[in-house]
Structure formats: structure tokens, C-alpha cells
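What follows is a set of notes on a single structure, which appears directly below.
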Amino acid sequence: MADPPSAAAAALHAASTDFYTLLSLTAPYPPTALLPLPPPIPPTLLRKSYRRTSLIYHPDKNPSPDAAATFHLLTTAFDVLNDPAAKAAYDGALVARLRRKRKGEEMSSGRRKLKEELEEREKKANEKRDAEVDLKKELERLSAEGVALRRKREEALRRAEEEEAQEMEEEEALKAQRPASPPPLQHQQQNSSTSQSTAPQPSTDLDRTLRIRTKPLPSDITISTLFSPFGKISDTLSKPPKKPTALSTTLIVYSSLLSAHSAIEAFELGKLPAYVKDVKWAGGSEPDAVKPLIEQVRRGQVPPAASVSKVHLQAKPQSSNSSSTPPKFSFSAGKSTSGSQGQATSGAAAIGAEYENVTLMRLREAEKRRLEEEIRRKEAEEEQAERVSEDI
Numbered sequence: 004m005a006d007p008p009s010a011a012a013a014a015l016h017a018a019s020t021d022f023y024t025l026l027s028l029t030a031p032y033p034p035t036a037l038l039p040l041p042p043p044i045p046p047t048l049l050r051k052s053y054r055r056t057s058l059i060y061h062p063d064k065n066p067s068p069d070a071a072a073t074f075h076l077l078t079t080a081f082d083v084l085n086d087p088a089a090k091a092a093y094d095g096a097l098v099a100r101l102r103r104k105r106k107g108e109e110m111s112s113g114r115r116k117l118k119e120e121l122e123e124r125e126k127k128a129n130e131k132r133d134a135e136v137d138l139k140k141e142l143e144r145l146s147a148e149g150v151a152l153r154r155k156r157e158e159a160l161r162r163a164e165e166e167e168a169q170e171m172e173e174e175e176a177l178k179a180q181r182p183a184s185p186p187p188l189q190h191q192q193q194n195s196s197t198s199q200s201t202a203p204q205p206s207t208d209l210d211r212t213l214r215i216r217t218k219p220l221p222s223d224i225t226i227s228t229l230f231s232p233f234g235k236i237s238d239t240l241s242k243p244p245k246k247p248t249a250l251s252t253t254l255i256v257y258s259s260l261l262s263a264h265s266a267i268e269a270f271e272l273g274k275l276p277a278y279v280k281d282v283k284w285a286g287g288s289e290p291d292a293v294k295p296l297i298e299q300v301r302r303g304q305v306p307p308a309a310s311v312s313k314v315h316l317q318a319k320p321q322s323s324n325s326s327s328t329p330p331k332f333s334f335s336a337g338k339s340t341s342g343s344q345g346q347a348t349s350g351a352a353a354i355g356a357e358y359e360n361v362t363l364m365r366l367r368e369a370e371k372r373r374l375e376e377e378i379r380r381k382e383a384e385e386e387q388a389e390r391v392s393e394d395i
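Read in order, the letters of the sequence shown correspond to residues 4 to 395 in my numbering.
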């Protein structure tokens with residue numbers, strides 16, 4: 004056994020080597036930072052631990068290159084721990100090293116915690132800054148969308164006002180272009196004042212025309228069969244929809260103004276099938292002659308719809324040979340009570356009647372063309388308004 008080491012040598016070894024771990028000595032014998040004065044090691048336990056460990060690292064039994072150095076450290080560890088003075092010096096140096104290590108760990112833990120807190124603060128600051136940037140971008144986007152939406156609405160309102168003004172101008176022009184009722188002939192002036200006051204005013208094709216919008220009809224139903232129960236139909240004009248599921252538009256010209264009014268009233272009361280979506284006057288509003296006519300019917304001065312068509316509300320003739328066929332109504336002398344109308348008609352009156360028929364036929368054709376153009380224009384405006392509303 005080597006000479007006992009000095010206290011300085013034991014302290015030097017304590018700075019780099021843990022003799023307790025090397026000799027497999029566990030608590031409570033190794034000193035700690037909290038327990039700097041452990042109980043003494045029993046000599047038998049120390050020798051037993053030394054012998055067991057030295058057999059493992061003896062150079063004759065362990066071919067490892069580090070075996071000799073480890074065996075030498077085992078001998079030194081036994082000598083230090085077996086000597087009370089050297090053990091005290093070694094334990095003091097070991098406790099000091101452990102305390103420095105613990106203090107360093109505590110400082111490292113504090114620095115690590117401080118670093119984590121700083122990183123967390125920085126992260127929150129970045130998130131707040133990013134949130135503010137995102138909020139600013141979102142506000143700018145909403146502001147831009149609001150400006151665009153406001154411009155679209157203003158543009159739509161402006162176009163609607165222009166279209167309304169244009170429609171009013173066209174309506175005024177149409178009223179100005181409507182032919183005035185020809186003056187009654189001399190024999191009509193001789194009729195009684197009572198019959199003149201009760202007779203309804205003549206109606207134009209536009210007054211008796213309805214604009215109907217429907218969904219696709221059943222295979223066994225047509226517009227004519229659907230609306231013919233209200234009265235005789237003079238003419239129809241249909242425009243197929245652009246899409247199979249879209250609404251189709253049809254113009255129906257009734258022979259009687261009362262028949263057209265009956266169809267409007269049936270739609271308003273919900274008596275028409277569900278696939279009939281809209282029934283309106285083609286002129287945009289109810290003709291002025293409707294209310295007086297309805298009032299005369301209520302008073303019994305004019306027959307109901309079936310008979311009214313035989314008075315002044317009868318449709319104008321459409322055929323090209325209408326000049327040779329007497330019209331259903333005429334401005335010539337009315338039938339007298341004695342039945343002598345045909346014999347009293349003069350050649351001048353017949354020429355005047357033919358001229359009136361030709362003029363009325365031309366006016367009707369022109370009005371029909373104008374109606375078609377007006378319907379096409381209104382449908383185009385409605386489609387454009389629908390697209391604008393979808394964009395908004």
C-alpha cells in the first residue's frame with residue numbers, strides 16, 4: 004500500500020475525480036452540497052469496495068489501455084478515503100466543487116428562465132405586431148370593397164334613373180303618337196246624347212296587350228289555352244328563354260279590354276297556376292279606359308266581357324284584305340232602328356271607311372313592332388339589373 008497522500012494532493016484530486024463513485028460508495032457516505040459532513044466510512048466496507056473494484060481494473064485481468072490508469076486511481080482513492088485528514092481535505096474540496104456546480108446550475112437556470120421570458124415577450128410582441136398589420140390590411144381591404152360596392156350601387160342607381168327617364172320619354176312620345184279618335188260622322192252626331200255618354204271609349208292594341216312571364220309549361224298546356232277562358236285572343240307573340248329553366252315572355256292581345264282586365268284580376272287573386280309568375284299590362288300601367296269601363300259595366304250601361312268586344316273594344320282587323328272586307332266596327336253611319344243602314348251608305352262614306360281601315364292596320368303593325376322592341380329592351384334591362392345585383 005502506498006504512503007498516505009497529503010491534504011493538498013487530496014484536494015487536487017477532488018477537483019477532477021469522484022473517489023466515492025469510483026469505489027461504488029453510495030449515500031450516505033459521499034458528501035453533498037447540502038450535507039458537507041457525511042458519516043465515516045466503515046473500514047471493512049471501504050476495503051471490500053476497493054478489492055471488488057480493483058479486480059475489475061487490474062492490468063493483469065483487464066486488457067483495456069485505460070485499465071492501469073484506473074487501477075492507479077483506485078489505489079489513490081482508497082488511500083485518501085482511508086486517511087481521516089486526507090479524507091477531510093478531499094471532502095471539503097469536493098463539497099466546494101459541488102457547491103460551485105450547483106450555483107452555476109442555479110445561475111444557468113435563472114439565465115435560461117430569463118431567456119425564455121424574453122423570448123416569450125418577443126414572441127407576444129411579434130404576434131401583436133402581426134395582428135395589428137393583419138388588422139390594418141383587413142381594414143384597407145374592407146374599405147376598398149366598400150368604395151367599390153358604393154360605386155356599383157351609385158352606378159346602378161344612375162342607370163336606373165336614366166332608364167326610368169328614358170321610359171318616361173318613350174311613354175310621352177307614345178302618347179303623343181297615338182292617333183286621336185276620328186270625329187264622328189254626321190249621322191253619328193244625330194244619335195241621342197244618352198247613347199254617346201254610355202258608349203265606352205275605343206281601346207288600342209297596346210291597351211289590350213298583356214305581358215306574361217311563365218316557367219316552362221306542361222306539355223298539354225299552351226298560353227292560348229291557358230288565357231283564352233278570359234276572352235277572345237287576337238294575337239300572341241312569344242319569345243323563348245335563353246336558358247331552359249329561365250322564364251319565357253309572351254305578349255297576348257285580347258279582343259276586349261275587359262278580357263285583359265279579367266286576366267290581370269285572376270292573376271292578382273291567385274287563380275292562375277303556379278308556373279304563371281307575372282301578368283302585367285304591356286304598356287306598364289293600367290289603361291285609363293279600364294276604370295270608366297268597369298264602372299259602366301257595374302251600372303249595366305255596357306255588357307260584361309263577352310259582349311263588350313262587340314262594341315268599340317273589338318280588335319282591329321289583321322288580314323291584308325281588310326280593305327275589301329267591312330271591319331267589325333266602323334266610323335260610318337251606325338245601324339238605324341229601321342234596318343236601312345246598307346241602303347243609305349254613300350260612296351264617299353265607303354271610301355272613308357276603307358281609308359280608315361288601311362290607316363288603322365298600318366298603325367297596328369307599327370305599334371306591334373314598337374311593342375316587340377320595347378319588350379326586348381325591357382328584358383335586356385332586367386337581365387342587366389340581375390347581373391348587377393348578383394355582382395353586388
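For every residue, glycine included, the Cβ atom is placed at its ideal position computed from N, Cα and C.
Since we're looking at a predicted model, the values are computed, not measured.
What does the alpha-carbon distance come out to for the pair residue i and residue j?
i: residue 61; j: residue 123; result: 55 Å
i: residue 65; j: residue 59; result: 7 Å
i: residue 227; j: residue 151; result: 47 Å
i: residue 257; j: residue 235; result: 6 Å
i: residue 398; j: residue 95; result: No information on residue 398 is available, as it lies outside the stretch 4 to 395 that the chain covers here.
i: residue 353; j: residue 302; result: At residue 353 the pLDDT is 47, less than 50, meaning the model places this residue with poor confidence; the figure from the coordinates comes in the next sentence. Whole-angstrom Cα-Cα distance: 35 Å.
i: residue 300; j: residue 271; result: 20 Å
i: residue 104; j: residue 126; result: 32 Å
i: residue 280; j: residue 218; result: 7 Å
i: residue 275; j: residue 268; result: 10 Å
i: residue 162; j: residue 155; result: 10 Å
i: residue 116; j: residue 106; result: 15 Å
i: residue 158; j: residue 388; result: 11 Å
i: residue 121; j: residue 73; result: 46 Å
i: residue 128; j: residue 134; result: 10 Å
i: residue 173; j: residue 297; result: 28 Å
i: residue 222; j: residue 231; result: 17 Å
i: residue 377; j: residue 160; result: 21 Å
i: residue 153; j: residue 138; result: 22 Å
i: residue 351; j: residue 175; result: Annotation note: pLDDT 43 at residue 351 (below 50); position unreliable, coordinate value reported separately. C-alpha separation (whole angstroms): 35 Å.
i: residue 111; j: residue 21; result: 23 Å
i: residue 92; j: residue 131; result: 58 Å
i: residue 273; j: residue 372; result: 31 Å
i: residue 89; j: residue 114; result: 37 Å
i: residue 390; j: residue 381; result: 14 Å
i: residue 43; j: residue 63; result: 32 Å
i: residue 164; j: residue 392; result: 16 Å
i: residue 97; j: residue 54; result: 24 Å
i: residue 170; j: residue 140; result: 44 Å
i: residue 249; j: residue 394; result: 19 Å
Below 8 Å on the Cβ atoms is my guess for residue i versus residue j; work out the distance and round it to an integer in Å.
i: residue 260; j: residue 293; result: 6 Å
i: residue 23; j: residue 39; result: About 14 Å separates the two Cβ atoms, so there is no contact after all.
i: residue 101; j: residue 35; result: 6 Å
i: residue 56; j: residue 77; result: 6 Å
i: residue 26; j: residue 70; result: Between residue 70 and residue 26 the Cβ distance is about 16 Å, and since that is not below 8 Å, they are no contact.
i: residue 233; j: residue 262; result: 5 Å
i: residue 374; j: residue 254; result: 6 Å
i: residue 278; j: residue 220; result: 6 Å
Quick one: is the Cβ of residue i within less than 6 Å of any heavy atom of the ligand ADP?
i: residue 128; result: With respect to the ligand ADP, the structure shown offers nothing to examine, as it has no ligands at all.
CB residue i to CB residue j, shorter than 7 Å?
i: residue 266; j: residue 213; result: yes
i: residue 370; j: residue 238; result: no
i: residue 210; j: residue 295; result: no
i: residue 148; j: residue 384; result: no
i: residue 242; j: residue 252; result: yes
i: residue 31; j: residue 45; result: no
i: residue 52; j: residue 28; result: yes
Practice prompt. Kindly provide the ranges of any alpha helix (DSSP H) runs that are 4 or more residues long and lie completely inside the stretch 206-257, ordered along the chain.
Written response: 226-230
Worksheet item: Taking one C-beta from the stretch 206-220 and one from the stretch 278-298 each time, how about it: are there three or more such pairs within less than 8 Å?
Response: yes
Item to complete: Scan the stretch 48-117 and note each continuous alpha helix (DSSP H) run of 4 residues or more that stays entirely inside, going in chain order.
Response: 70-85
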